[in-house]
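Undergrad:
The structure is reproduced here in structure tokens:
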């Protein structure tokens, strides 16, 4: 399976093993997620967000996606990496970004296995408000 207009993407996965969910002394959430020092570089196909919209959920409203990336399973297996919720997309086609993966879907099923992973991302950085 081929990707159309493949671009290079740099992802910083969240280190879920070494990131404490709560401070053991204060019992408060830790604000910083630990990430490995070496990023993962993959080829992906980029698309604009057009399927994911604002929807209601148990935890509140879910924001629309700014776009999505499609990865080949072959590339993911080669690097022994599987995208996950909260992974940071730092570079898309040479442009620095601050996007985070918030939805994953498996596509392109053939012979009982999926061949493509579609990762929806959005900008979750707080916006600066004018006073």
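Numbering (my numbering), first residue to last: 1005 to 1135.
Glycine is no exception: its CB is placed at the ideal position from the N, C-alpha and C atoms.
(1) Which residues in the same chain as residue 1086 place their Cβ atom closer than 7 Å to its Cβ, once the five residues preceding and following it in sequence are excluded?
(2) With distances taken Cα to Cα, identify the nearest neighbour of residue 1097 among 1076, 1047, 1074 and 1123.
(3) Can you give me the C-alpha to C-alpha distance between residue 1015 and residue 1128, rounded to a whole angstrom?
(4) At what residues does the alpha helix (DSSP H) containing residue 1082 begin and finish?
(5) Under the three-state reduction of DSSP, which class applies to residue 1108: helix, strand or coil?
(6) Look up residue 1099 in the DSSP assignment and give the residues it is bridged to.
(7) How long is the line joining the alpha carbons of residue 1110 and residue 1101, rounded to whole angstroms?
(8) Count the other CB atoms, across all protein chains shown, that sit within 10 Å of the CB of residue 1006; report buried if there are 16 or more and exposed otherwise.
(9) Measuring alpha carbon to alpha carbon, tell me which residue in 1073, 1078, 1082 and 1042 is nearest residue 1052.
(10) Looking only at its own chain, which residues have a Cβ that is under 6 Å from the Cβ of residue 1122, when we skip the five neighbours before and after it?
(11) Taking DSSP as the reference, what is the three-state secondary structure of residue 1014?
TA: Short version:
(1) Around residue 1086: 1080.
(2) 1047
(3) 15 Å
(4) 1077-1083
(5) strand
(6) 1096
(7) Whole-angstrom Cα-Cα distance: 24 Å.
(8) exposed
(9) Closest in alpha carbon position to residue 1052, among 1073, 1078, 1082 and 1042, is 1073.
(10) 1072, 1074, 1109 and 1111
(11) strand
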